[in-house]
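Chemist:
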Amino acid sequence: MKIIVCIKQVPDTTEIKLNPETGTMIRDGVPSIMNPDDKGGLEMALSLKDQFGAHVTVITMGPAQADQILREAFAMGVDRAIHLTDKRFAGADTLATSNAISGALRNLEYDLIITGRQAIDGDTAQVGPQIAELLDLPQVTYVEDLQFENGTFTIRKANEEGYQMVQVEAPCLITVLASANQPRYMSVNGIMTAYKKEVEVWGFEQITVDETKLGLKGSPTRVHKSFSKGVKSAGQKYEVDPQMAVEIIMDKLKEKFII
Amino acid sequence: MDLSTYKNIFVFVEQRNGQIQNVSLELLNKARELSEKLNEQVIAILLGNQMQESAYELISYGADIVLYADSPNLADYNTEPYTQAFTQLVNTYQPSIILIGATTIGRDLGPRLSARIGTGLTADCTALEIGEDRHLMMTRPAFGGNLMATIVCKEHRPQMSTVRPGVMMKGTKDITRSGRMEKVNISFDDSKFKVKILDTVKESKNLVDITEAKILVSGGRGVGNAEGFKKLQDLANTLHAEVSSSRAMVDLGVVSHDRQVGQTGKTVRPDLYFALGISGAIQHLAGMEESDFIIAINKDKDASIFHTADLGIVGDINQIVPLLNEMLQKEMSK
């Protein structure tokens, strides 16, 4: 079985603080991490490797520093890593990103493609299904669990009310939730060798796609403007003993006709 | 691309077991408002099986036309048959805008459809407006809610957008509204139907929809554990409220994910929101800051929740919450 996992390097948005005066983001010192849902997907792939000896490739698109998450993936146990980077990919919205990544996947063999459900910097959850469409593959999103038997995947897919059990044959694409599993740690030996392994760097010449569908030019959507949400004026704040606090709350609830 | 041939607003009607989901009614109301600015029509896209009766409800909530595709292939949501049906309707009717609920269904269908028809899609919009040049201005949070971005799709049609449940307001049902239903035929290529649904399981924990609650008693990391959360549940019972939580309590396994408020949970706007032991991470604020009145209690006087709260109490929830509950019970038994 050949598995490709698409991963993304993202700023750890839980570490981003807002300047309370201006409402603007403080980006300095925010660490970059492997996107949590992608890491869940990677763990799922590695557990298939443990069970069935699957060959696992990771691929990422991003600037030079994204090399770091590919090394992390090596240290966790993947067999091959590809770094898509080219000026022509820059400024891409989700569709242009999906065009670039599917362009690379066309030149690889796979039975299963895994992406995370969504990335924490954009939260769009679009690239997985768009890649599936561009490669004409069936998709299963919000995957919590996957079992493989006789060429068929039996998948547990989360929804708002519970879950669905679905079945699909290879090849297919799934998008995985971070809550699906507990990703393994990098092994000591893995860390030692991660920087000795070769990350293949691919540009436009290595992928199969129409150039007009890439980057800013290939993006149907554009950012018109971005802005911080501004600061809501804070209400009253009291530092009082519990009895007093309760009285203040009770008065407010009466004022609001809640009691 | 000749943009002028694209007209009218499609609203995807999400149904589960034949039940129309609230988010679709919310979108119909938003589409109504946008269509009046554009002088175009609101077209509800109803895909299902034996659901013709539902057309009236859609009209009463704002649809001018209901395009109804009736097929056993469309009884339950499945990516490929729904994408085929929707694509054919887009090609035939050429809408300028498509609105889809950002649910697990809408977020499966939306991107698949956008790639098939080759247009842009903006996810999880919190505001939709018509710009001066008649383009749709789609505003959404980015970087975990730290930044807002307004997105446009100027050179492609349709302009597609998903919106999370609870973000737009449902309109008032008006049974005197007029509109019409058109039955449409879809030609399916079932050789592409590769995903087989074996079973759909509803988990009982999900019976409550926190987005419908008037009062929410919400707990965060400061609550500590299940025992601490019990105090919140008691307060909620007294107030006939629902409990909800920040991500911390869900990660600890104290609260189920369907009660999570925030960027990766639900968006709520109750009349009253208690933020108890919640520090106020931006991801959480994104899901509750539109609440009418917010009362925050936190031990940390510098907690960022106090910037958003209408009433802030610096103190220990373990002391204040039981006391408040006791006082409320006395007050309400009067």
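Residue numbers (the numbering used here), protein chains in the order written: chain D, 105 to 363; chain P, 186 to 519. C-beta atoms are modelled at their ideal positions from N, C-alpha and C, and glycine is treated no differently.
Could you check how far apart the C-beta atoms of P:Pro280 and P:Pro343 are, in whole angstroms? I think they sit under 8 Å.
Modeler: Confirmed, Cβ separation roughly 5 Å.
Chemist: Rounded to whole angstroms, what's the CA-CA distance from D:Leu191 to P:Gly330? Just pull it up for me.
Modeler: Note that residue 191 of chain D is Lys in the sequence shown, not Leu. C-alpha separation (whole angstroms): 28 Å.
Chemist: Show which residues of chain P have a CB atom less than 7 Å away from the CB atom of D:Asp197.
Modeler: The answer, in chain order, is Gly305.
Chemist: Ends of the alpha helix (DSSP H) at P:His469?
Modeler: That run of the alpha helix (DSSP H) goes Ile467 to Met473.
Chemist: Taking the straight line between their C-alpha atoms, what separation do you get for P:Gln514 and P:Ser430?
Modeler: Rounded to the nearest angstrom, the two C-alpha atoms are 23 Å apart.
Chemist: D:Ala179: which of D:Ile173, D:Gly294, D:Thr219 and D:Gly133 sits nearest, CA to CA?
Modeler: Nearest C-alpha to D:Ala179: D:Gly294.
Chemist: Run the CB neighbour count on P:Ser372, radius 10 Å, all protein chains shown included, and call it buried at 16 or more, exposed below.
Modeler: Exposed, since its Cβ has fewer than 16 Cβ neighbours within 10 Å.
Chemist: Using 8 Å as the threshold, is the region 209–217 of chain P in touch with the region 352–361 of chain D, meaning 3 or more CB pairs across them?
Modeler: Too few Cβ pairs lie closer than 8 Å, so no.
Chemist: So, do the region 239–247 of chain P and the region 263–273 of chain P have three or more beta carbon pairs nearer to each other than 8 Å?
Modeler: Taking 8 Å as the limit for Cβ pairs, the verdict is that the region 263–273 of chain P does not touch the region 239–247 of chain P.
Chemist: What ranges does the beta strand (DSSP E) occupy inside the region 215–289 of chain P, keeping only unbroken runs of at least 3 residues that lie completely in it?
Modeler: DSSP runs (the beta strand (DSSP E)) wholly in the region 215–289 of chain P: 227–233, 250–255 and 282–286.
Chemist: Residues of the region 220–245 of chain D in Cβ contact with chain P at a cutoff of 9 Å, in chain order, please.
Modeler: The region 220–245 of chain D vs chain P, Cβ under 9 Å: Arg221, Gln222, Ile224, Asp225, Gly226, Asp227, Thr228, Ala229, Gln230, Val231, Gly232, Pro233, Gln234, Ile235, Ala236, Glu237, Leu238, Asp240, Leu241, Pro242, Gln243, Val244 and Thr245.
Chemist: Which same chain residues, not among the five before or five after P:Ile302, have their C-beta less than 8 Å away from its C-beta?
Modeler: So the qualifying residues of the chain are Thr272, Val275, Asn276 and Pro343.
Chemist: Of the residues P:Leu509, P:Pro350 and P:His425, which one's Cα is nearest the Cα of P:Asn446?
Modeler: The identity of residue 446 of chain P in the sequence shown is Val, whereas the question assumes Asn. It is P:Pro350 whose Cα lies nearest to the Cα of P:Val446.
Chemist: Assuming D:Ile163 contacts D:Ile205 (C-beta within less than 8 Å), just tell me the rounded distance between them.
Modeler: Yes, D:Ile163 and D:Ile205 are in contact; Cβ-Cβ is about 7 Å, under 8 Å.
Chemist: Whole angstroms are fine: how far does the CA of P:Gln448 sit from the CA of P:Asn391?
Modeler: Since pLDDT at P:Asn391 reaches only 49, below the 50 mark, its modelled position is unreliable, and no value is offered.
Chemist: Quick one: does D:Gly339 have its CB under 8 Å from some CB of chain P?
Modeler: Closer than 8 Å: yes.
Chemist: Spatial neighbours of D:Val313 within its chain, please: CB distance less than 6 Å, with the 5 preceding and 5 following residues excluded, ordered by chain position.
Modeler: Correct list, in chain order: Asn203 and Gly207.
Chemist: Under DSSP, the alpha helix (DSSP H) around P:Arg292 begins and ends at which residues?
Modeler: Note, P:Arg292: alpha helix (DSSP H), Gly291 to Ile302.
Chemist: Look at D:Asp132 and D:Leu281 and say whether their C-beta atoms are less than 8 Å apart.
Modeler: Not in contact: D:Asp132 and D:Leu281 (Cβ atoms no closer than 8 Å).
Chemist: In angstroms, rounded to a whole number, what distance separates the CA positions of P:Asp249 and P:Leu231?
Modeler: Distance between the alpha carbons of P:Asp249 and P:Leu231: 13 Å.
Chemist: Below 8 Å between beta carbons is the criterion; list the residues of the region 161–191 of chain D that meet it against any residue of chain P, in chain order.
Modeler: Correct list: empty, as no residue qualifies.
Chemist: In chain order, which continuous runs of the alpha helix (DSSP H) of length 4 or greater are located wholly inside the region 209–255 of chain D?
Modeler: If we require 4 residues or more, the alpha helix (DSSP H) runs fully inside the region 209–255 of chain D come out as 231–238.
Chemist: When the Cα atoms are used, what is the spatial distance from P:Tyr520 to D:Gly145?
Modeler: Not covered by the structure: residue 520 of chain P. The range shown for chain P is 186 to 519.
Chemist: Got a sec: which bits of the region 322–334 of chain P sit with their beta carbon under 7 Å from any beta carbon on chain D, in order along the chain?
Modeler: Within the region 322–334 of chain P, the qualifying residues are Met322, Ala327, Phe328, Gly329, Asn331, Leu332, Met333 and Ala334.
Chemist: Strictly below 7 Å CB to CB, what residues from chain P border D:Asn139?
Modeler: The contacting residues do not exist; D:Asn139 stays about 12 Å from chain P at best.
Chemist: Measuring straight from C-alpha to C-alpha, what distance separates D:Val327 and P:Ile315?
Modeler: Each residue's Cα considered, the two are about 15 Å apart.
Chemist: In chain P, which residues lie with their C-beta within 7 Å of the C-beta of D:Gly207?
Modeler: Those within 7 Å of D:Gly207 in chain P number zero; the least Cβ separation is about 13 Å.
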